[in-house]
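S.K.: Going line by line, the protein sequences match chains V and F.
Here the first sequence stands for residues 110 to 450, numbered as in my numbering.
Here the second sequence stands for residues -7 to 841, numbered as in my numbering.
For each residue, glycine too, the CB sits at the ideal point set by N, CA and C.
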Amino acid sequence: MLESLNQIERQALNELEATQDEDSLQRWKVAHLGRNSPLMRVFDHLGALPKEERPSIGRRANEVKRALESAFEARSQALVQAAVLRSLQAERLDVTLPGRPIARGRLHPNTQTLRRIYRIFGDMGFQVFRSREVETDEYNFELLNIPAHHPARDMWDTFYTTTPGVILRTHTSPGQIHVMRQYAPEPIRVILPGMCYRYEQLSARKDTQFNQVEGLAVGRNITFGDLKGTLTDFARRMFGENVRTRFRASHFPFTEPSAEMDIECFICGGEGCSVCGGSGWLEILGSGMVHPVVLRNGGYDPRIYSGFAFGMGPERITMLKHRIEDIRHLWMNDLRFLEQF
Amino acid sequence: MKIPLSWLKEFVDIQLPLPELARLLTMAGLEVEAIQVVGLPMPSSADLHSAAHHEIKIEGLSWEADKIVTAAVYEVMPHPNADRLVLCRLDDGQQEHIVLTGAPNLYPYKGLGALPEPLKVPYAKEGARIYDGHQPGRVLTTLKRAKIRGIDSYSMICSEKELGISDEHEGVILLDPDAPVGVPLADYMGDAVLDIAITPNIARCASVLGVAREVAALTGQPLRQLDYSVQMEGPSIEGMASIEIQEPELNPRFVLGLAQNVIIRPSPYKVQLRLKLAGMRPIDNIVDATNYVMLEIGQPLHAFDYDVLKQRAGGNPPTIITRRARPGERLTTLDDVERELDDFTVLVCDTAGALSIAGVMGGAESEVSAQSRNILLEGAAWNFINIRRTVSAQKLQSEAAYRFSRGVHPAMAERGVRRCLELMRRWADGVIAQGLIDNYPLPPRDPMVEISTSDVRRWLGIDLTPQEIADLLARLEFKTEIFGQTVRAQTPDHRLDIGEGVVGMADLMEEIARIYGYERIPETRMNDELPPQRNNLELEREERIRDALVNLGLQEIATYRLTSPEREARRFPPGAAPDDLPYIQLANPIAADRTVMRHSLLSSVLEVVERNARLRPRMALFEIGPVYLASEEGLLPDEVPRLAIALSGPRAPAGWQEADNAPMDFYDLKGILEALLEDLHITGVRYEPAEHPSFHPGKCARIRVGEQVLGVFGELHPLARVNYELPETPLLAAELNMRALISLTPDRFEISAVPVFPPVLEDLAVVVDENLPADQVEAVIRQASGKALAGLRLFDVYRGEQIGAGKKSLAYSLAYQSPERTLTAEEAQKIRQRIIRQLERELGAKLRS
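#1: For F/A295, which of F/A305, F/I313, F/S348 and F/R316 has the nearest alpha-carbon?
#2: If you measure beta-carbon to beta-carbon, which residues of the region 395 to 416 of chain F are closer than 7 angstroms to chain V?
#3: If you draw a straight line from the C-alpha of F/S234 to the C-alpha of V/M370, how long is it?
#4: Please report whether the beta-carbon of V/H438 lies at a distance below 8 angstroms from any beta-carbon of chain F.
#5: Taking the beta strand (DSSP E) that F/Y620 falls in, what are its first and last residues?
#6: CA-CA distance, F/P(-4) and V/D443?
#7: So the candidates are F/G119, F/G105, F/K102 and F/T191; which of them puts its Cα closest to the Cα of V/D263?
#8: Taking the alpha-carbon positions, what's the F/E842 to V/A326 distance?
#9: Can you check whether the CB of F/E330 is closer than 8 angstroms to the CB of F/A346?
#10: Consult DSSP for F/A636 and reduce its assignment to one of helix, strand or coil.
#11: DSSP puts F/K800 in a beta bridge; with which residues?
#12: Examine chain F for any beta-carbon lying closer than 8 angstroms to the beta-carbon of V/P423, and answer yes or no.
#13: Measure the C-alpha to C-alpha separation of V/Q116 and V/A191 and round it to an integer number of angstroms.
#14: Determine the direct distance from the alpha carbon of F/I664 to that of F/K691, and round the result to whole angstroms.
#15: What in chain V is Cβ-close to F/W648, meaning under 8 angstroms?
#16: Please state whether the Cβ-Cβ distance between V/G303 and V/G416 is less than 8 angstroms.
#17: Within 8 angstroms of any Cβ in chain V, is that where the Cβ of F/H45 sits?
#18: DSSP beta-bridge partners for F/L728?
#19: In terms of residues, what are the limits of the beta strand (DSSP E) holding F/W419?
#20: On the three-state DSSP scale, how would you describe F/R785?
#21: Give the residues of chain F in contact with V/D443, contact being defined as C-beta atoms less than 8 angstroms apart.
#22: Can you list, in chain order, the residues of its chain with a C-beta nearer than 8 angstroms to that of F/R774? Leave out the 5 residues immediately preceding and following it.
#23: Any beta-carbon of chain V closer than 8 angstroms to the one on F/E391?
#24: For F/S444, which residues from the same chain have a beta carbon less than 6 angstroms from its beta carbon, with the 5 sequence-adjacent residues on both sides left out?
#25: Quick one: what's got a C-beta closer than 8 angstroms to F/A356's C-beta in the same chain, skipping five residues either side?
#26: Quick check: what's the CA-CA separation for F/K117 versus F/D170?
#27: Just verifying my parser: in three-state terms, what is the DSSP assignment at V/A418?
#28: By a C-beta neighbour count over all protein chains shown, 10 Å radius and 16 as the cutoff for buried, is F/H709 buried or exposed?
#29: Quick check on F/Y790: does DSSP put it in helix, strand or coil?
#30: Does any CB atom of chain V fall closer than 8 angstroms to the CB of F/Y620?
#31: Smallest Cα separation from V/E298: which of V/L311, V/T341 and V/F238?
#32: Could you tell me whether the region 274 to 284 of chain F touches the region 413 to 420 of chain F, using the rule of 3 or more Cβ pairs below 8 angstroms?
#33: Is there a C-beta anywhere in chain V that falls below 8 angstroms from the one on F/E109?
#34: Can you check which of these residues, V/A170, V/V384 and V/D246, is closest to V/E434 by C-alpha distance?
#35: Take the Cβ of V/K174 as the centre, count every other Cβ of all protein chains shown within 10 Å, and call the residue buried at 16 or more, exposed below.
#36: Here's the rule: buried if 16 or more other CB atoms are within 10 angstroms of the residue's CB, otherwise exposed. What is V/Q285?
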């Protein structure tokens, strides 16, 4: 009898090996663990066995049953797993196909650069102050120490309107007077961004319309050293922590002393390249100590107050950073250009 | 301004290598834009490196010392086989050569035998590198041995072009007779020219002396002053002419000198060379002398033919009169243009009429000619603003006007006349009349400025002693005195740019900083009271709107704000009422399509759609920027910020999978606007049908919040559309008022609690008249359901036979919810009944079964 049980077990396990899917597995279960299976018949006939054989045969029959049941479970698991693996094999995607396109929005590069400038000066306590584009001659020139027929006027090619005394601002500097008159005698730290206009023949480097960001700090203790320090801090954040700056004497009627700030070319590291024209330096902004006449016109006594001002062209910065050869791209709105930002 | 180095060195010793000199000047505000080497050795690479970070463009030709030398031509002989060539017997200091040349300026000496005085010439030996005289531009070539018409040729007498002096290649250079023989040409006359940009504040530097003074101050070398003494051996000038100044404000000084019996001929070659290197054309020794002095010390001068003036005065001594032009007065200037003069133009006249436009250009009649014998020399001072006005009114530039319009100190007038008379004596054998006629009615007051150590500390952030301040200023010829911590500085009488009082203080501050060196001033961070901190709400919200639109998939654009009325009219169908608001109009437009400041941002955006129409099937663009509307209150326009949006093309961008390729329509744009307003938390928004000339009358809406209109949007009017080359798909556009958007954006908003209890969800479809706007149905549902309504979404609009003609069915999905408990089915049923009743009563709606 024991031998018969061993035989039942061996055969069942052998047949289990052969099952390949859920159907054959179920058939196997009926055949080997079902009511009419040889094993069950052994249980059925236990009562007919001699009394002394019953415990050993019964124990052995239960062992075989547990063994077959757990083998069934294991086989069942294995088949499920194999089926999943087979289906995974069949469901392979070409991961190199492109993704579903998204209609993505973008900020214009001008906005991106302006925001970067706002951010850097904002962190240094400079707030944004905006003023009008169509200006009076008085604010654009006279109050900035540029009287009519002064040779310094040659520095700006102006668009005049048909209304006498009304022009398109040639720089954001009239904002200096507006902000000073609004806040005097408080100390001031502002930047003045906005659109300016010059009567220029269009070229890759010059356009009739351009953004400028002016800066102004006025207080009782603001020095040329502070101008250098503040603008160098700006340059390092804008162009790289290790960038070197230099300040060259220059002339603007509304500042004195005046300085141009150059930075070491961040493309070639000062070695000389096509971007910096081989000089190793890039002109970035004009600056200077606010002229006493301008301070006075703004409502600040130059014997007590001092200040510095600066002005830069954000388009130039955008062009340098992205190697844009022609400034007109920034106003032509060719989507093939804009979609690269 | 072009400054020859050799000339500069007459005034100051310069030990620095050229690039270092250029860097020093540039850092001090005299920007050296380029250096042209004319003969001198090129700076070595070590010198360039030491100046590493201001590498100025250096170009030109170095003359090799052993191959290009001075030489003497003893005889000019005919070429046996060519009429147009001559053979020169030449000594280069080492041996004799026969040199072949075709220079026409040697023909006169041909066949004369041994010349009594040898001709001195620049001589290039075999192997010398020079410019090719026969090629356009500057092309380097090396002299090689060749046979020309049977004669051996291996070297050359050089033209200016071949040596890089000028483009002149007609003849060879004939050096001054005192030139040595056999010395390297570079040692004799090699030079380098610094091209310096002169900003308005350094007008005093528009001369060799002016630049030399800066070099001296910057390097600490002494400046060698010019000797202005003149050897006067003629009769006294008294009684030979007189001066009458009518307006001293316009003509503060007028000086005359007289050179008699001059011999007019070309100037010495070295003088001509300098004029050429400085960018002026040599004329003759008299005119050259005036130009030379102008370049040298910055004082423009004018030479009159004295005999012509005397003749005009009927044989009497001439009277020079300076006055404004009379109405309608005309003068033919040296450039042969007859000019009508303005009433502010100042003229130099005599009793017979106008002679020249003061400070700008002489008249043709009294010009010095080859026959002139006696020269009356004018040195004057003019009001620079007046000269500037004249220059711009007459559109007439000259070297004199360039300087006078930037300001020349009246003290320079006498110095200029003295220096020039002496040169006329030397170069033209003139006999100089004793004395000058000097009418000086209005000497300027040279400011005396005080500056203290605390001023320097406060303005520059550095501590200088009074002595250091005085020393820095003295280097620029200020006369200084020290009183305690204050320096009192007297402005020297060659500059007009120093102001009085606190302005003068700032002027001196600049000079102190420049000479001290900007790079020596330490970089510091501000150590001052912080200003009050303020938000800029307008900007913050504007940027917020940009971000919202970008998040909604729109591309920001930036357009030109100048346009033309014609361009803007394209946004309207033909025959629509024109935009009759007055434009801000340019008096000097640069192009016919940029004559006014724009009225419409929509126009700008439509032009961009048009520009990209063939490039991109799908566009979603926006711009934020002002339009310029004439204001009734004042001179200046209202600059009204606007937002414009344009959409066109398929809803989804094209990919390789199936997507919603239907063209975007009105509701795509409305969806974007709704999302924008939601993002800004603007509530109470209503959309109403609107009429606007740019939009399709059935597909146009106005956005309102209370009484405020936010803007209009819709599909572009088909008759406006044909004015542009647009893609086939509908074009949706909006133009919104940014001020309204910004002012309606709340400072804060409150949220409702996230519900704890589940909602009751149900659908409701009602049939209403076709013409009933959907927002009325929605309003009734909201009103009827009250607080219990937690969600309302239209999910279907249906028209068809089932519901009858002239009707539409609107299907809503509703959610009822209570914050306190789960609503029962009966409660939900009550709300539903209330909604249905009110829809029936107020709108005649029927529940769709």
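M.R.: This is what the structure gives:
#1: F/S348
#2: S397 and R398
#3: 53 angstroms
#4: no
#5: M611 to L621
#6: 48 angstroms
#7: F/T191
#8: Residue numbering for chain F in the displayed model covers -7 to 841; residue 842 of chain F lies beyond these limits and cannot be assessed.
#9: no
#10: strand
#11: F/V760
#12: no
#13: 29 angstroms
#14: 16 angstroms
#15: L206 and P207
#16: no
#17: Reliability of the predicted coordinates at F/H45 is poor, the pLDDT of 47 falling under 50, and the value obtained from them is presented with this limitation in mind. Interface residue, yes.
#18: F/L635 and F/G703
#19: Looking at the DSSP string, F/W419 is not in any beta strand (DSSP E); the run it does join, the alpha helix (DSSP H), is A403 to A420.
#20: strand
#21: R603, N604 and L607
#22: L781 and L784
#23: no
#24: Q477 and T478
#25: T324, T325, L326 and D328
#26: 22 angstroms
#27: strand
#28: buried
#29: strand
#30: yes
#31: The sequence shown places Arg at residue 298 of chain V, rather than the Glu named in the question. Checked all of V/L311, V/T341 and V/F238; the closest Cα to V/R298 is V/F238.
#32: yes
#33: no
#34: V/V384
#35: buried
#36: buried
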